[in-house]
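> Before we start, here is the structure in question, set down as structure tokens.
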Amino acid sequence: MSDSLTRVCVALASAAALTACGGDQQVSSNQLGYDTGVAPGSEGLSLLEGLLLYLLAPAAILLVVAALVWLPGMLRGTGYRPGRGWSAAPLWFGGPPDPTAAVEAATPGSMARGGASGSW
């Protein structure tokens with residue numbers, strides 16, 4: 006068979022199968038029988054309900070998220086800024102300020118422990 010004859014046969018077989026299954030009848034797109042987007046016994050959304058749903062609800066969500074992001078920074082206050090004086094107490098991040106004095110002050114039975122768990 007030629008290629009065009011095969012296509013015609015497939016199209017005719019498909020049309021026959023659809024007709025046998027009721028494909029020639031007009032079928033509602035919604036199996037429940039009401040228009041898409043409208044619940045039974047309802048006319049849909051009024052203008053006020055639509056505005057509340059599509060404008061005010063997203064705006065309220067955006068305002069809440071913005072407040073949750075903005076408020077902690079406002080409550081915490083300002084931190085250090087370059088060019089300003091340092092107002093916090095000094096911190097020492099190294100070892101003991103005088104390591105020799107720390108070794109001499111250690112008692113013979115004590116053992117300095119270290120590491121993240123303090124076990125070595």
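Numbering (our numbering), first residue to last: 6 to 125. The beta-carbon is built from N, C-alpha and C at its ideal position, and this holds for glycine as well.
1. One question on the structure: do Y85 and A94 come within less than 9 Å of each other, judged by their Cβ atoms?
2. If we call anything under 9 Å between Cβ atoms a contact, is P1 one with A107?
3. From A72 to G99, what distance separates their C-alpha atoms?
4. Could you give the first and the last residue of the continuous alpha helix (DSSP H) run that contains A21?
5. Determine the extent of the alpha helix (DSSP H) in which W75 is found, giving its start and end residues.
6. DSSP three-state label for A87, please.
7. Assuming L58 contacts L50 under a Cβ cut-off of 8 Å, what Cβ separation, rounded to an integer in Å, is found between them?
So, from the data block:
1. no
2. Residue 1 cannot be examined here, being either before or after the span of the chain that is shown, 6 to 125.
3. 40 Å
4. 8–25
5. 62–81
6. Residue identity differs from the one stated: residue 87 is Pro in this sequence, not Ala. P87: coil per DSSP, three-state reduction.
7. 7 Å
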